[in-house]
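Colleague: Chains as they are written, first to last, in the working numbering: chain A, 3 to 654; chain B, 374 to 596; chain C, 226 to 473.
Glycine included, every Cβ here is placed at the ideal spot set by N, Cα and C.
Every value quoted in this text rests on a predicted model; they were computed, and no experiment measured them.
Mind looking over this structure? Questions follow.
Below, the structure is given as structure tokens:
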């Protein structure tokens with residue numbers, strides 16, 4: 003058994019450098035890169051196969067676009083249909099610098115807001131490209147028939163969203179993610195019908211095949227038959243989403259998992275900023291130990307709802323009986339200019355603080371009120387219903403409380419992971435031929451993601467960035483030797499995969515996969531959640547190897563590997579969560595500063611705000627795997643800010 | 374991919390809707406004609422004669438009537454064939470039933486299927502009884518519907534068969550009319566009340582109109 | 226709460242299935258229906274029995290993965306998805322029957338899990354607008370009247386769960402198919418493929434072995450997203466229109 007002290011003794015390796023990022027004025031870099039990139043002759047594209055893992059916004063849009071360009075795409079999803087990827091659950095909207103409102107928005111402002119919102123831990127080049135592409139995304143989606151909200155004149159409606167003061171968020175009621183995903187899914191379906199995409203639903207990637215240092219294929223399990231198969235390609239694209247499920251309770255889908263990216267990491271891809279996790283401020287509080295996941299309420303609710311707690315500790319009167327002057331609208335009080343619209347990390351931490359003070363509401367004091375009484379009085383119930391009706395219904399269905407009558411109760415929950423596989427400007431990982439897009443990579447959000455930016459990034463990567471940059475790689479590696487299932491590299495990976503599954507089935511212990519997942523999640527939430535300390539993180543790092551040891555001693559997976567076996571799927575994912583959790587804690591421990599979603603209690607301003615330590619930590623931390631439980635090697639990528647100069651974020 | 378309308382389930386539904394409406398129109402006329410019995414033998418027997426001379430002098434004796442008969446036979450066959458084929462498709466699409474039964478689910482379907490079968494059998498009997506006279510209970514006399522009708526409805530089974538069939542017709546028309554409107558794409562949220570009301574009104578009107586005859590005979594109003 | 230569950234167990238697609246009875250205790254009113262099944266499965270695993278397989282993912286009512294027929298109702302007694310159904314809709318001591326979607330176009334994979342790829346093939350047949358990436362005109366170049374946009378949205382809400390098929394006594398996929406056709410056909414962007422879309426999707430729907438519509442309305446009653454029955458009427462209209470246009 004490895005001791006945490008050993009694991010925490012990481013070493014620092016060579017800095018990692020983004021060799022693809024062009025120099026020059028920031029607004030010309032994307033054009034420059036696209037011009038410099040080599041192209042693949044359209045006639046030759048058919049000869050290239052690209053594997054895409056995942057069918058969410060990033061994977062779906064990438065698969066469709068690559069197929070449209072003429073590549074042969076082999077695409078995977080663990081769900082029964084590509085349409086079910088968890089992007090579908092995004093509610094609020096998608097940002098774009100269209101400036102349709104004439105309210106002072108611009109590409110540069112979206113760029114500025116995103117760099118600042120990310121607390122100066124993102125790359126300027128990437129973020130600027132994202133802002134540029136944002137406008138094209140809206141055009142693309144409208145052309146596909148995405149039913150965005152419209153005004154009576156027939157033009158697109160927008161709204162404002164957390165952390166910004168312009169109205170640049172396009173939306174489709176509370177189901178923007180669903181509509182965008184269905185758009186990508188439909189584009190994907192068109193290519194499936196055209197024979198350009200070979201689709202494998204209910205198939206989960208379990209490992210990566212590397213031949214001569216290049217990503218050349220994957221090992222995947224058919225979840226229906228249990229058959230382990232190998233698939234080969236000229237490049238592999240991971241679009242498998244984030245790793246928020248390490249926390250067990252999160253707003254992620256139950257089966258969202260980190261296996262694809264973690265297996266790639268184990269094979270040599272650096273993992274960047276794993277501790278940058280986003281805790282979303284407006285989720286429905288948990289009701290008991292049976293809770294299997296948390297449900298998010300769109301943060302658009304903060305546009306009209308007012309957040310408050312009682313002024314007095316332990317005030318357990320019903321909300322409606324607490325008079326106005328005994329309420330503390332704490333966000334409006336502390337941040338008068340942004341009020342209830344402060345960025346997510348700030349809103350979440352503020353909620354935690356008031357609850358820690360003993361002023362939380364609801365069961366266990368783990369909640370704050372989100373009150374629509376004023377909005378209903380100001381706009382009328384009808385208008386509130388039109389804007390938020392489906393969210394109110396969802397809240398009522400889950401809690402059995404009527405939010406038109408009593409204020410909603412909300413509490414922060416793990417929602418998004420800014421960290422992920424390290425990628426360069428071309429979205430290529432440190433393994434040649436392996437690309438990571440969407441939430442699976444780390445690139446654009448720094449230490450905190452702004453609301454309505456995840457959809458933007460997923461689609462930017464999939465529709466526009468990857469299809470432009472992958473050409474360069476494929477053009478430079480035109481005639482790769484064909485890999486087969488008999489290749490020694492393949493045989494070895496398959497053997498390891500089968501061994502792992504066999505071992506899981508063989509333990510035959512007395513604890514369920516979920517019980518381990520829950521235990522790990524609680525540990526992570528306590529020590530690597532909204533607020534982190536050195537002491538807590540060290541405690542977690544001590545505990546995780548013990549969980550791993552106990553897992554391999556006591557796990558019970560019924561059934562066999564040659565059938566539809568959901569327990570086996572789950573147990574196999576937990577193996578990776580345990581390792582990833584360890585790296586997250588180490589990353590959080592090493593980054594002795596507070597920034598964005600990463601709040602170290604040791605590093606705060608006198609009034610309790612996150613204090614960055616730019617001299618020491620203005621870099622992205624890319625970790626190199628060295629073995630299970632063995633301390634990893636840190637590679638730093640220095641972040642240079644030429645356009646948006648780091649300042650202490652202020653939303654007051 | 375060239376498919377004919379008949380190859381499509383929606384096409385067969387369209388055939389059902391159109392043939393159904395043709396039969397419905399006929400039934401309205403038939404029902405109105407039947408009511409002539411309340412005005413005495415002269416009136417209805419004369420009407421029976423007119424049916425054969427209508428369209429004249431352009432059309433020869435009974436030509437128009439045969440034309441109507443052909444249209445009706447085509448409609449019945451088309452309606453029944455598509456109903457049969459669609460039902461087979463429906464049953465194939467749901468081979469195993471739920472263990473937990475929910476009766477309401479198939480009410481409309483059952484009404485239409487069993488109602489349709491009842492009506493099909495009825496038509497055969499009805500023609501053998503009052504058109505060809507093959508199974509007529511009294512001495513069938515061509516072109517004397519007044520007495521023929523009284524003969525039929527003087528038997529208990531004549532009344533039972535007829536009334537059961539007419540009630541089945543009522544249900545069939547009530548769902549069928551609205552259904553046909555949906556199939557032909559004329560239904561909508563705003564028009565739904567009107568369509569449902571018209572369907573129900575037609576069903577009630579036809580049921581009452583047709584039932585009036587046996588009731589008239591039974592009560593002695595027609596004798 | 227203490228409950229008796231009668232659950233459809235079927236080892237795989239080729240095996241015979243049957244209802245098995247289980248008792249669960251200590252169920253909280255605040256649990257979702259799937260969390261109640263999680264509780265059962267945790268007990269089964271510890272006992273060394275095979276847990277009940279069921280599809281689920283987002284547990285927020287939007288991905289459309291969950292698919293249980295509960296006491297004869299697709300998604301159970303409330304108008305929502307199974308994952309958003311809570312145990313407060315049941316009484317202590319209840320016996321609950323849990324079955325998979327049943328339709329020949331949705332063969333059972335295991336227990337309560339069915340194969341719904343037929344839906345994907347219907348979409349592949351024409352449930353899209355051909356708009357290759359990068360070829361899109363400026364978003365505001367084509368205004369869409371708000372009523373049309375709202376109509377499109379109302380139909381675009383379909384989550385593809387298949388409850389309509391499960392509830393239909395004929396195993397028909399009319400509501401699913403019509404929802405997508407209506408979403409795309411009402412939009413100006415969808416106009417160029419308006420006829421081929423409806424003809425091809427309906428043909429694919431037939432080929433998949435779904436039943437026909439007898440307008441029982443069960444689909445619309447079961448639909449967790451409230452896709453209206455008139456959706457089917459509009460599709461019929463589109464189909465007839467397309468046939469007329471193509472014939473010309």
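1) Return the chain-ordered list of same chain residues with a C-beta closer than 7 angstroms to the C-beta of residue 3(A), the five sequence neighbours on each side being excluded.
2) Please state the DSSP three-state secondary structure of residue 284(A).
3) Measuring alpha carbon to alpha carbon, tell me which of 468(C), 424(C) and 385(C) ends up nearest residue 87(A).
4) So, using beta-carbon positions, are residue 444(B) and residue 395(B) closer together than 8 angstroms?
5) Please classify residue 374(B): is it buried, with 16 or more other beta-carbons within 10 angstroms of its beta-carbon, or exposed?
6) Between the segment 113 to 120 of chain A and the segment 433 to 448 of chain A, are three or more C-beta pairs nearer than 8 angstroms?
7) Given this structure, state the Cα-to-Cα distance separating residue 317(A) from residue 326(A), to the nearest angstrom.
8) Would you check if the segment 454 to 471 of chain A and the segment 425 to 434 of chain A touch, i.e. whether three or more CB-CB distances between them fall below 8 angstroms?
9) With a Cβ-Cβ cutoff of 8 angstroms, do residue 83(A) and residue 345(C) count as a contact?
10) Output the distance between the C-alpha atoms of residue 342(C) and residue 230(A), rounded to the nearest integer angstrom.
11) CA-CA distance, residue 361(C) and residue 142(A)?
12) Taking a Cβ distance cut-off of 9 angstroms, strictly less, list which residues of the segment 226 to 242 of chain C are near chain A, in chain order.
13) As an exercise, report each continuous alpha helix (DSSP H) stretch of at least 4 residues that is fully enclosed by the segment 261 to 326 of chain C, in chain order.
14) Check the DSSP bridge columns for residue 558(B) and list the partner residues they point to.
15) So for residue 625(A), helix, strand or coil by DSSP?
16) Under the rule that 16 or more other beta-carbon atoms within 10 Å means buried, what is residue 94(A), buried or exposed?
17) Of all the options 614(A), 438(A), 12(A) and 124(A), which has the alpha carbon lying nearest to the alpha carbon of residue 651(A)?
18) Tell me whether the beta-carbon of residue 396(C) lies closer than 8 angstroms to the beta-carbon of residue 352(C).
19) According to the Cβ coordinates, are residue 103(A) and residue 178(A) closer than 8 angstroms?
20) Grab the span of the beta strand (DSSP E) containing residue 244(C) for me, first residue to last.
21) Which residues of the segment 275 to 298 of chain A have a Cβ closer than 8 angstroms to any Cβ of chain C? Give them in chain order.
22) List the residues of chain C whose Cβ lies closer than 8 angstroms to the Cβ of residue 242(A), in chain order.
23) Could you say which of 417(C), 272(C) and 440(C) lies nearest to residue 558(B) if we only look at CA atoms?
24) Would a C-beta distance cut-off of 8 angstroms place residue 549(A) and residue 585(A) closer than the cut-off?
25) Enumerate, from N- to C-terminal direction, the unbroken beta strand (DSSP E) stretches of 3 or more residues contained entirely within the segment 165 to 230 of chain A.
26) I need the boundaries of the alpha helix (DSSP H) containing residue 431(C), first residue and last residue.
27) I think residue 207(A) touches residue 261(A), with their Cβ atoms under 8 angstroms apart; what is that distance to the nearest whole Å?
28) Please report the distance separating the alpha-carbon of residue 140(A) from that of residue 98(A).
29) Which residue from 357(A), 186(A), 130(A) and 398(A) puts its Cα closest to that of residue 310(C)?
30) Which value, in whole angstroms, describes the spacing of the CA atoms of residue 216(A) and residue 518(A)?
31) List the endpoints of the continuous beta strand (DSSP E) containing residue 412(A).
32) Could you work out which residue in 408(A), 299(A), 348(A) and 573(A) is closest to residue 323(A) when comparing CA atoms only?
33) Start and end of the alpha helix (DSSP H) containing residue 495(B)?
34) Rounded to whole angstroms, what's the CA-CA distance from residue 512(A) to residue 362(A)? Just pull it up for me.
35) Report buried or exposed for residue 425(C), applying the criterion of at least 16 other Cβ atoms within 10 angstroms of its Cβ.
36) In the DSSP assignment, what are the bridge partners of residue 96(A)?
Modeller: Taking the definition as stated:
1) Because the pLDDT at residue 3(A) is just 43, under 50, the model does not fix this residue reliably, and the value given afterwards should be weighed accordingly. Around residue 3(A): 547 and 551.
2) strand
3) Nearest C-alpha to residue 87(A): 385(C).
4) yes
5) Any reading at residue 374(B) must be qualified, since the residue scores a pLDDT of 48, below 50, and its modelled position is unreliable; no value is offered.
6) yes
7) 14 angstroms
8) yes
9) yes
10) Between residue 342(C) and residue 230(A), the C-alpha separation is close to 21 angstroms.
11) Between residue 361(C) and residue 142(A), the alpha-carbon positions lie close to 5 angstroms from each other.
12) In summary, the residues of the segment 226 to 242 of chain C whose CB is separated from some CB of chain A by less than 9 angstroms are 236, 237 and 238, in the order they occur in the chain.
13) Within the segment 261 to 326 of chain C, no run of alpha helix (DSSP H) at least 4 residues long lies entirely inside it.
14) Looking at the DSSP assignment, residue 558(B) forms no beta bridge with any residue, so it has no partner.
15) strand
16) buried
17) Checking every option, the nearest Cα to that of residue 651(A) belongs to 614(A).
18) no
19) no
20) 243 to 249
21) 289, 290, 292, 293, 294, 295, 297 and 298
22) Taking a Cβ-Cβ cut-off of 8 angstroms, residue 242(A) has no neighbours in chain C, whose nearest Cβ is about 14 angstroms from it.
23) 440(C)
24) no
25) The qualifying runs are 199 to 202, 205 to 213 and 216 to 224.
26) 419 to 432
27) The Cβ separation is near 7 angstroms, so the contact holds.
28) 7 angstroms
29) Ranking the options by Cα distance to residue 310(C), first place goes to 398(A).
30) 35 angstroms
31) Per DSSP, residue 412(A) belongs to the beta strand (DSSP E) from 410 to 419.
32) It is 408(A) whose Cα lies nearest to the Cα of residue 323(A).
33) Taken as a continuous stretch (DSSP letters only), the alpha helix (DSSP H) holding residue 495(B) covers 480 to 503.
34) 38 angstroms
35) buried
36) 172(A)
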